[in-house]
Amino acid sequence: MRRSRIRRLACAAALALGAALLSPAVPSAAAADPYQVLVFSKTAGFRHDSIPAGITAIQQLGVANDFTVTATEDATAFTPQNLAAYEAVVFLSTTGDVLNDSQQSALKGYVDGGGGFVGVHAAADTEYDWPEYEDLVGAWFQSHPAIQEARLTTEDHVHPATAHLDDTWTRTDEWYNYRSNPRGDVHVLQSLDESSYSGGEMAGDHPITWCHPQQDGRSFYTGLGHTIESFADPDFRQLLLGGIQYAAGAVEADCSSTGEPGQGGDSAEAEAYTSSSGVQIAPHAAASGGATLGYIDHGDWAGYASLDPAGATAFTARVSSAGAGGTIEVRAGSATGPLLGSAEVTPTGGWDTFTEVTTPLTAAAPGAGPLFLRFTGGAGALFDVDRFTLTRTPATEDEGSLGVHLFYYPWYGTPQGPAGSWRHWQQGGHTPPASVGADLYPKLGPYDSGDIAGAVDQHMKWVQRSGAGVIVYSWWGQGSYEDGLAGDVMDAAARHGIEVAWHIEPYTGRTAASVVDDIAYLEGKFGDHPAFYRDAAHGDRNAYYVFESLRIQDWSALDAVKDTAIVLAQTTDTTKVAHFGGIYTYDGIAGATAPGWKQAGDYAKANGLVWAPSVAPGYIDDRAVPGNTTPTLDRADGASYDRQWNNALDPAIGGDPTWVSVTSFNEWHEGSSIEPADSDPPPGHGYETFEGAYGKTGAAAETAYLDRTAYWADRFEQRRG
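Have a look at this one:
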C-alpha cells in the first residue's frame, strides 16, 4: 500500500503543477484511486457521546468520496503490518492512554514513513505519557469553558478543509484551550476569536484547526466536533473530509508552518489573510513560513479579521520586490477605512531579497474594526509582503493603568547601602553577590532598595514601561526598614508618574486596631505626597492590602476608616470579609485555576467592595527555601501569565475585577518577578532566565514580562472604558 500512496501522490503532484500554471489558488483534485481509512475511537477517560455520529459521518463521506472506513476501538490494530493497509488513521475523540509502547511505535513509524493522521477534538486529550504524540497532534488539551457560540476566523482559503468557508464562521461547540500555542510548528487553518466567547485562555492567538508535515507523512487536527450536531453540519463535514483527504495524500495542500505565535495576535504571516482582492499566496523558500503575500498590483488589498489595530503605534513588515515597489497603506475596518499609516517599499533587487519597512501609526479608535492592508504603486507587480508586526504601548505613555497594581518589595540591602549588610539576598544560606536566594538573577544584580538614584529610579522606569500605574509597597510597620525608605521611593515613583498603595505585612504585634493606627500614620505622613494613591472612582479613598488577614479574627476596628480607606482582605472566603472594603488573593499559583474568583467577584460587586484578584507569571522558590514543599508554577514561556490574566478578565471566571494586582514586580525569592532577569547570570549556580518568553531570546527576553504586562494593562483599560 505504500507504493500505491506514492503513485497517487505523484499523480496529484502532476495535477497540482498543471493547476498552478492556470490558477495558483486552486487546490489539486482528489486522485481517483480508492483507499482505506482507519477510525480509532478508544477512550480511557471522558467518553464523548458524539463518537457514533462521527463514525457514521466519516463512513458516509467515504461512500461519497471513494474511500472505505474501518472503525475500531481495538488498539491491537496498531501494528506495522495492519497499518500498511490504510492511507490515513483518524483518532476520533480518543482520550487518555489508549496505546501501549509497541502500538505507539507502530503509529509513529506509520506516519513518519508516509501515512496520514487525523485528530478530531479530544484527540488532543490523549497519550500524555508519550511526548512524541504532542508533536504528532500539534498540541495537548489544557481546558475548556462551557459549550457556547463562538466566531472562527478562516486563515487559509486554499486548503481543501477550509476552502469552502467564509472569512468568519459562527458556530456552537466546546472550545478547547491548549497547553501550548502550536502556531510555530504547524500551518493554522482556523483560529478562534477569543473576544466572541468566554473562557479563551490563549492570549488572543488561538489556533483551533491546523495541519503539518510529519516527516514523510501528514497530520491534520481540528478542535471542533464535541457535539453530536457537528457531524450533521455540512460545513463541518466538508472540513473533516478535506482533512482526511489531505492526510491520506489524496489531495495536495500547503501545510508549512505559519510562523511563531503572535504576541497577543499582533504578528502575522501576510499570506494568512482572511479576506482579499487581487492578491495571491506566493511560495518563496526564503520567506517566513515558506510563502509570501504576492501577485500584488495597484489597488489590491488584504484583510486580517483577528488583528485589531486599536492601540497599535507602529507597523513593521518584511518585504521583497523585483517589481515597481510602492506603498503599504495600513487601514482600520475595511480597505477604504481610516488610514493609520503608510510604509514605502522600494525595489530590493529580487523576490527572495528581503528587507524591513516600518511606519508609525495614528491611533485607531477601539471598535474601529480589524486590520486591512491596501497596496498602491505603478503598473505591474509591486512587491511581496512576508511577515508583519503591530507594535503597541500601554494605554497611556506617561500615566499607566491605575487599575493595575504591582506588589513591590523595598526590603533588599547590600553592605554599601543604608542597611550596611546584605538583606534578603542571602536567604536560603547563599553568599551574594554571585549566589543569591532566588532561582532567577536580577538584571541589576543584588541591588540595594535604598539606592534611590540607581536601582529604585530604574525600577520606576520599568514600572512605567509595564503599563501599571500603581505599586503596592511592602510595609512592615512604623519605624521599620521599609518605612524609612518609603518617602524616597515615593519621590522616585512621582518622577515617573507612578502612584503608591500599601501592603501591610504581618509585622510582630499586628492587630486590627494597630492597622487602623497604621492607616492614620501613613495618611498623616504621606497623604499630601503626589504619589499617594487615591481611587477617584471610590471616593478618593486610599488603598491598603492586608497580607494574611485571616490571622486576625475580628476586624470590626476597620469601621473607623471605611470612609477614607479601602482595606482589602487576602481571601476568597466571603464569610471572612466583614468590615473590609475589598478582596484580593495574592497567591501566585492559584490564578492558573482561579478557585473561588467568580464567587468572590460577584459578592464584591453586589456589596460595593473592590475586587482585585492577583495574577503572576510563575512561582519557584527552590533556592530561597531549600526543601520547601510549596508547588511551583512553571512560566511556560509566558503561557502561565497569559492564562492568569485571561482568567482575571473573563467575567465568567474572574468575576469582573475592579483592579488587577500583580504578584509581583520584584519578589525574587518566590520567582514571581516581572522585573527584568539577567539573560547571562553568573555561571555555576543553576539560575533560570526568561529565555523563550513570548518568543524572545537573549537580552530581548529580559523585558518580556514588562512588555506583556503592558499588553494586558492596555486590554484591561479598554475594558474599563
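The numbering of the sequence shown is our numbering, which starts it at 1 and goes up by one.
Cβ coordinates follow ideal geometry from the N, Cα and C atoms, glycine included.
- In this structure, G467 keeps its C-beta atom at 8 Å or more from the C-beta atom of R720.
- The closest CA to that of A282, considering only S288, T274, S276 and L293, is found on L293.
- The residue among R643, P676 and A704 with its C-alpha nearest the C-alpha of S143 is R643.
- When secondary structure is reduced to three states using DSSP, W475 falls in the strand class.
- Residue pairing by DSSP places L568 opposite Y545 and G582 in a beta bridge.
- L107 and T72 have their C-alpha atoms spaced approximately 15 Å apart.
- In the DSSP assignment, V345 forms a beta bridge with G326.
- If you check the CB distance, T274 and Y304 come in under 8 Å.
- Taking the CA atoms as reference points, A291 sits about 5 Å from H284.
- Going by DSSP, H459 is part of no beta strand (DSSP E) but of the alpha helix (DSSP H) stretching over D457 to S466.
- Here DSSP, grouped into helix, strand and coil, assigns N628 to coil.
- Beta bridge pairing from DSSP links L192 with L152 and H206.
- Per DSSP, the unbroken beta strand (DSSP E) holding R374 starts and ends at L371 to G377.
- DSSP, reduced to helix, strand and coil, places N181 outside both helices and strands of the structure shown, so it counts as coil.
- For E482, the enclosing alpha helix (DSSP H) stretches over residues Y481 to R495.
- With respect to the C-alpha of E691, the residue from Y110, H685 and D680 having the closest C-alpha is D680.
- Across the structure, G527 and A520 are spaced so that their CA atoms are roughly 9 Å apart.
- Residue state for E688 is assigned as strand, using DSSP reduced to three classes.
- If you draw a 10 Å sphere on the C-beta of E667, you find 16 or more other C-beta atoms in it, and that means buried.
- Three or more Cβ pairs closer than 8 Å define a contact, and the segment 703-717 falls short of that threshold against the segment 479-498.
- For L339, the number of other beta carbons within 10 angstroms of its own is below 16, and it is reported as exposed.
- Relative to D135, the option among D167, Q215, D554 and F532 whose CA is nearest is Q215.
- Of all alpha-carbon atoms in G350, S421, A53 and V69, the one lying nearest the alpha-carbon of V39 is that of V69.
- Counting along the chain, the unbroken beta strand (DSSP E) around A302 starts and ends at W301 to Y304.
- Pairing V472 with H405 gives a Cβ-Cβ distance under 8 Å.
- Per DSSP, reduced to three states, the secondary structure at E667 is coil, with no helix or strand assignment.
- Closest in C-alpha terms to G638, from the list S93, I552, T697 and P657, comes T697.
- Counting C-beta pairs closer than 8 Å gives fewer than three between the segment 405-418 and the segment 644-654, which falls short of the contact rule.
- Pairing P370 with A310, the inter-Cα distance amounts to about 8 Å.
- Distance between G54 and T362, taken at the CA atoms: about 49 Å.
- T358 sits away from G326, with the two beta carbons spaced by 8 Å or more.
- The beta carbon of T391 lies closer than 6 Å to those of T313 and A314 in the same chain, with the five residues before and after it left out.
- Judged by DSSP in its simplified three-state form, T508 adopts coil rather than helix or strand.
- With fewer than 16 neighbouring CB atoms inside 10 Å of its own CB, N607 falls in the exposed class.
- Nearest neighbour of A557 by Cα position, chosen from Q464, R510, H538 and E702, turns out to be R510.
- The continuous alpha helix (DSSP H) containing P234 extends over residues P234 to A248.
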